[in-house]
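What follows is a short report on a single structure.
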Amino acid sequence: MRRRDFFSFGAAAAGAVALGAISPAASSAQDVATAHTARKSKVVTPDGVTLRVRDWGTGKPIVFLSGWGLPSAFWQYNFVDLMDAGVRCISYDRRGHGRSDDPGAGYDYDTLARDLGAVLDQLDLRDVTLVAYSMSGGEAVRCLGTEGRARVSRVVFLSSTAPCLMLSDTNTMGVPGAMLEGAKAMMAQDFPKWLKDGESAFWLNAVSEGMQEWGRELMLQTSLLALLECYDSMIHADLRGELKALDLPVLVIHGDKDASAPLPLSGARIAELVPGASLKVYAGAPHGLPITHRKQFNADLLAFVRG
157 MRRRDFFSFG AAAAGAVALG AISPAASSAQ DVATAHTARK SKVVTPDGVT
207 LRVRDWGTGK PIVFLSGWGL PSAFWQYNFV DLMDAGVRCI SYDRRGHGRS
257 DDPGAGYDYD TLARDLGAVL DQLDLRDVTL VAYSMSGGEA VRCLGTEGRA
307 RVSRVVFLSS TAPCLMLSDT NTMGVPGAML EGAKAMMAQD FPKWLKDGES
357 AFWLNAVSEG MQEWGRELML QTSLLALLEC YDSMIHADLR GELKALDLPV
407 LVIHGDKDAS APLPLSGARI AELVPGASLK VYAGAPHGLP ITHRKQFNAD
457 LLAFVRG
């Protein structure tokens, strides 16, 4: 093409855009952008708490529930990878976490499950895959026992603290209550120190110092009351009966080096309790598995969603 012809072509193309003569590919991109603009960035719970939502990508919806003390920002590295695979990635900041309201109440599993139900309903999500990480297994199970079941088609329990952490006469595989309560007392006294002391076990030195600092900063944004009361909900929960009643496809993913929720007490027991559940054990993976083993987890998640 001669130089004069090239500039003539460029001027014509610019004029076509100005007049609205957009190609089908550009039109499709515009439709996607419009869809994103129309999406909700916040949800209001039945008791008036505003929850901030992250909603990236298009395709089958996956709702990621954050671990104890963590906001939705924890998932963004997974989201960037998964969006390219053609799925819609959604997460939200639990009450008292991240950018959401801090109402000073409602950190029990019943209320948190209603919060999840509000997200599913107000975003009008269907055929959802729930990813329940760490303490959020309780939110997922409780929500599935109510109206949330109609919108959810499958669940991943990821490094879950379920089904029942505390030792008791009926739970001989649990952790002694004095040990769990002692950890809570240390958090209430000096949470930044407690967090720093447990960092190596959470990551097993599988990420950079910068990533470790980033994770610590995310948790330090969470209100202390939310941390302590969510912790209470997590350690006192007994979800064994509710897990037995689940009637949908379930994948359990757990690391065999998880110090926060040891595999024999948590992931392995979930797989035994839930009818037809599949268990994938990641060798050498700690509780920070969604980041330390991100590629492996993302691949297994996509296979489950598409299966």
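When the letters of the sequence shown are read in order and numbered with our numbering, they come out as residues 157 to 463. Where is the CB? At the ideal position from N, CA and C, for every residue including glycine. The structure displayed is predicted, hence computed values, not measured ones.
- Rounded to the nearest whole angstrom, the C-alpha separation of Lys-216 and Pro-420 is 32 Å.
- The criterion of a C-beta distance shorter than 7 Å is satisfied by Lys-198 and Arg-208.
- For Ala-288, the secondary structure class from DSSP, reduced to helix, strand or coil, is strand.
- Rounded to whole angstroms, the Cβ separation of Gly-252 and Leu-272 is 15 Å, and the two are not in contact under 8 Å.
- Residue nearest to Leu-380 within the set Tyr-263, Ser-316, Leu-281, Thr-214 is Tyr-263 (criterion: CA-CA distance).
- Relative to Trp-231, the option among Lys-451, Gly-463, Arg-462, Asp-346 whose CA is nearest is Lys-451.
- A distance of 7 Å or more separates the beta carbons of Lys-413 and Gly-444.
- Taking C-beta atoms under 8 Å as the contact rule, Ala-318 and Val-331 fail to qualify, at a distance of about 13 Å.
- Pro-217 is bridged by DSSP to Arg-244.
- Around the CB of Met-291, 16 or more other CB atoms lie within 10 Å, so the residue is classed as buried.
- The residue from Ile-409, Leu-457, Arg-244 with its alpha-carbon nearest to that of Tyr-438 is Ile-409.
- According to the DSSP assignment, Gly-371 belongs to the alpha helix (DSSP H) that extends over 365–376.
- Judged by DSSP in its simplified three-state form, Asn-234 adopts helix.
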